[in-house]
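Worksheet: the structure to be examined is printed underneath.
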Amino acid sequence: MKLVFSEVAQGLRRNLSMVISVILVTFLSLTFVGTASLLQMQIGQMKNYWYDRAQVAVYMCSDVSAADSCPQGKASPDLLERVKEKLESPTLSVYIDEYYFEDQQQAYKTFQDQFEGNAVAQYVTADQLNETFWVKLVDSTKSQIITESFTGVAGVEEVRDQRSYLDQIFSILNAASIAAIGIAVLMLFSAALLISTTIRLSAFSRRRELGIMRLVGASNFYIQLPFILEGVFASTVGSIFAGLAVLGIVQFFVQGYLAQSLPFTSFVGLTEGLIVFPILIGVGIVLAAFASGLAIRRYLRI
Amino acid sequence: MISIANASKHYKGAPKPALNNVSLEVEKGDFVFLVGASGSGKSSLMRLMLREDVPTKGSVHVLGENLVGIPSRRVPFFRRRLGVVFQDFRLLPNKTVAQNVAFSLEVIGKSQGFIQESVPDVLRLVGLEGKADRLPSELSGGEQQRVALARAIVNKPALLLADEPTGNLDPATSLDIMSLIERINASGTTVIMATHDQSIVNRLRKRVVELRDGEIVRDEIGGSY
Ligand SMILES: Nc1ncnc2c1ncn2[C@@H]1O[C@H](COP(=O)(O)OP(=O)(O)OP(=O)(O)O)[C@@H](O)[C@H]1O
Ligand SMILES: [Mg+2]
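For the record, the sequence lines run as chains A and B.
So the first sequence is numbered by UniProt numbering: it starts at 1 and just counts up by one.
So the second sequence is numbered by UniProt numbering: it starts at 1 and just counts up by one.
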């Protein structure tokens, strides 16, 4: 064992520049992997948060509604009452957590708040806005029930699930994180190639010893172990750096900057960072062991 | 000890086989010279016995192992039971004489106690007791070959394979090495030695196996070159 470690140390010293480049490449690629998986976690967390709050809006006809969905003009109090009764009927009410009615004055107030300072706020009047039943479901994925029950009902202009807006945002974020993972995989692949090249170089520079070791009957495991350890050592150093970088990103960029500037969003924190950390180290070690093992096995084949 | 039956070796891309239907039996304690012109297949036959190569056809049994069917993870353990020396010594240039011999014991997992005891013993046996701390570059060719022999026999192998061990040495030094190899043989180790050196073969009068174009054309006890 003592001999194995001195061999490893010798190999590392001999290929110092290659070892440094392995450390750098694993560091970069695993930082990418770590960031991409944090982004995935962030998306998951935001989905939970926002889907939970997503409601289904049943927009009632107003004076300015298009004629094809609202042939009878503004929904009459009678029609409003019919919608309310339907929401409270035993068939639907089991799916509904709560609902409330927003009249045109409230809608106007919300609108003015939301678009404060925007030119459009000056031109909109209360009677242009819809009266709306906001429905919060017990299970927000079952919005179809409401959509099907109210689409085409007299006095209802449109039924809209807020999730459909969220889905667009999330699918963009998702595409970004998948692209990041794709790049990360490519980088991991190049890290693996670099590791196996380094190991093969190291084996080449030690071919004399290797030949003699094989001649006197050193076991394959004994011959291969120093090379595998060499690769694993370099990539472990790289992945520790990557893990620290990911923790730094979480602590100083996400929590220190993003969370301060967007106070109403929940962001990933050190807890998630500490989940990613060991995964990165594990990926680094397995990748290096695999790449260097394969390289040295192919080099020594006969 | 060694039993080779109808072995042929055809290297990829070579026009004719390096070994063609070779059969050879060697008993325990024998001393066999392998002779033949350059390219006649001596080294190829040695490589089969070392399990550095497998024959294209035929069978090779050495020290009770079937070297055609042996799983590759058992090959190292097979090699520990024999010693090998070559024309080019194959020493590690940055290790001392003693370290070179010790290295071959370390890599097969021998204890430090065993190594410290057996290395000086074997160096004395080959006549290098005062030179344990020299580097190979500070030794003559004959002394380097003695180190290689020490390394080959430190494990007390039943079989010594020597491929032109005197090929790089002058006649006087060759005689020294040969008397050492004879001593090793006299202590019970079977020796197979490939050589071009006529005077050595003619002087020792051992069993001579002659190869020509990959075929055995002569197998004579007490033969000459
Ligand atoms: N690895 C190889 N690939 C292809 N051909 C080879 C290989 N090794 C040897 N040969 C061929 O096999 C034949 C026998 O070679 P071998 O080395 O066994 O001869 P030899 O008797 O040891 O010669 P020498 O006395 O010069 O050492 C030669 O024609 C050689 O070119
Ligand atoms: Mg030869």
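Virtual Cβ for every residue (Gly too), placed ideally from N, Cα, C.
Residues that residue i bridges to, as DSSP identifies them
i	result
residue 193 (chain B)	B:33 and B:162
residue 83 (chain B)	B:160
residue 61 (chain B)	B:3 and B:66
residue 49 (chain B)	Partner(s): none; residue 49 (chain B) has no beta bridge.
residue 219 (chain B)	B:209
residue 105 (chain B)	In the DSSP output, where bridge partners are listed per residue, residue 105 (chain B) has none listed.
residue 96 (chain A)	A:137
residue 132 (chain A)	A:59 and A:102
residue 19 (chain B)	B:9
residue 25 (chain B)	B:3
residue 156 (chain A)	A:60
Nearest candidate by alpha-carbon position, reference residue i, set the options
i	options	result
residue 15 (chain A)	A:155, A:198, A:137 and A:164	A:198
residue 75 (chain A)	A:258, A:47, A:104 and A:99	A:104
residue 205 (chain A)	A:10, A:4 and A:258	A:10
residue 84 (chain B)	B:12, B:154, B:131 and B:102	B:154
residue 156 (chain B)	B:53, B:133, B:183 and B:166	B:183
residue 93 (chain A)	A:49, A:300 and A:138	A:138
residue 23 (chain A)	A:71, A:140, A:281 and A:247	A:281
residue 101 (chain A)	A:114, A:132 and A:113	A:132
residue 73 (chain B)	A:219, A:267 and A:147	A:219
residue 128 (chain B)	B:144, B:115 and B:53	B:144
residue 124 (chain B)	B:101, B:38 and B:67	B:101
residue 198 (chain B)	B:131, B:34 and B:2	B:34
residue 109 (chain A)	A:128, A:98, A:143 and A:97	A:128
residue 203 (chain A)	A:27, A:6 and A:297	A:297
residue 164 (chain B)	B:25, B:37, B:14 and B:2	B:37
residue 267 (chain A)	A:30, A:115 and A:44	A:44
residue 290 (chain A)	A:224, A:78, A:99 and A:258	A:224
residue 44 (chain B)	B:120, B:71, B:152 and B:214	B:214
residue 42 (chain A)	A:201, A:174 and A:212	A:174
residue 67 (chain A)	A:155, A:6 and A:12	A:155
residue 122 (chain B)	B:107, B:97 and B:106	B:97
residue 159 (chain B)	B:167, B:40, B:149 and B:166	B:149
residue 222 (chain A)	B:89, B:106 and B:161	B:106
residue 190 (chain A)	A:264, A:27 and A:211	A:27
residue 205 (chain B)	B:40, B:168, B:87 and B:30	B:30
residue 152 (chain B)	B:117, B:86 and B:210	B:86
residue 269 (chain A)	A:253, A:279, A:284 and A:283	A:253
residue 40 (chain B)	B:53, B:18 and B:196	B:18
residue 216 (chain A)	B:104, B:135, B:166 and B:2	B:104
residue 142 (chain A)	A:152, A:158, A:162 and A:157	A:162
residue 238 (chain A)	A:77, A:288 and A:208	A:288
Delimiting residues of the alpha helix (DSSP H) encompassing residue i
i	result
residue 199 (chain A)	163-205
residue 109 (chain A)	104-114
residue 276 (chain A)	270-299
residue 174 (chain B)	171-186
residue 122 (chain A)	120-123
residue 56 (chain B)	Where residue 56 (chain B) is concerned, there is no enclosing alpha helix (DSSP H), given that its DSSP letter is neither H nor E.
residue 131 (chain B)	Unbroken run through residue 131 (chain B): none, as it is neither H nor E.
residue 87 (chain A)	77-88
residue 51 (chain A)	16-53
residue 150 (chain A)	143-150
residue 230 (chain A)	220-248
residue 143 (chain B)	141-153
residue 88 (chain B)	Careful: residue 88 (chain B) lies outside any alpha helix (DSSP H) and carries neither H nor E.
residue 121 (chain B)	112-125
residue 199 (chain B)	198-204
N-terminal and C-terminal residue of the beta strand (DSSP E) that residue i is part of
i	result
residue 72 (chain B)	Premise fails: residue 72 (chain B) is in no beta strand (DSSP E) and is neither H nor E.
residue 56 (chain A)	56-60
residue 69 (chain A)	Element bounds for residue 69 (chain A): n/a, residue is neither H nor E.
- [ ] Inspect the CB distances between the segment 6-13 of chain B and the segment 46-56 of chain B and report whether three or more fall short of 8 angstroms.
- [x] The segment 6-13 of chain B, when compared against the segment 46-56 of chain B, does touch it at the 8 angstroms Cβ threshold.
Task: Segment contact flag, the segment 223-232 of chain A with the segment 265-281 of chain A, C-beta cutoff 8 angstroms, min 3 pairs - done: Because the criterion of three Cβ pairs below 8 angstroms is not met, the segment 223-232 of chain A and the segment 265-281 of chain A do not touch.
TODO: Take every Cβ of the segment 34-48 of chain A, pair it with every Cβ of the segment 173-185 of chain A, and state whether three or more of those distances are shorter than 8 angstroms.
DONE: Between the segment 34-48 of chain A and the segment 173-185 of chain A, the count of C-beta pairs closer than 8 angstroms reaches three or more; the two stretches touch.
Task: Any residue whose CB is nearer than 5 angstroms to a heavy atom belonging to ligand 1, listed in chain order - done: Counting every residue whose Cβ lies closer than 5 angstroms to a heavy atom of ligand 1, we get B:11, B:14, B:18, B:38, B:39, B:40, B:41, B:42, B:43 and B:44.
Task: the segment 81-89 of chain A / the segment 162-170 of chain A touching (three or more Cβ pairs under 8 angstroms) - done: No, because fewer than three Cβ pairs between the segment 81-89 of chain A and the segment 162-170 of chain A fall closer than 8 angstroms, the two stretches do not touch.
TODO: Give a yes or no on contact between the segment 123-139 of chain B and the segment 239-256 of chain A, applying the rule of three or more CB pairs nearer than 8 angstroms.
DONE: The segment 123-139 of chain B vs the segment 239-256 of chain A: no contact.
Task: Validate contact between the segment 106-118 of chain B and the segment 179-195 of chain B using beta carbons, cut 8 angstroms, 3 pairs - done: Contact between the segment 106-118 of chain B and the segment 179-195 of chain B is absent, with fewer than three C-beta pairs closer than 8 angstroms.
TODO: Specify whether the segment 53-64 of chain B and the segment 204-220 of chain B touch according to this definition: at least 3 beta carbon pairs, one from each stretch, less than 8 angstroms apart.
DONE: No: fewer than three Cβ pairs fall under 8 angstroms.
Open item on the list: Does the contact criterion of 3 or more C-beta pairs under 8 angstroms hold for the segment 115-123 of chain A versus the segment 48-61 of chain A?
Closed with: Too few Cβ pairs lie closer than 8 angstroms, so no.
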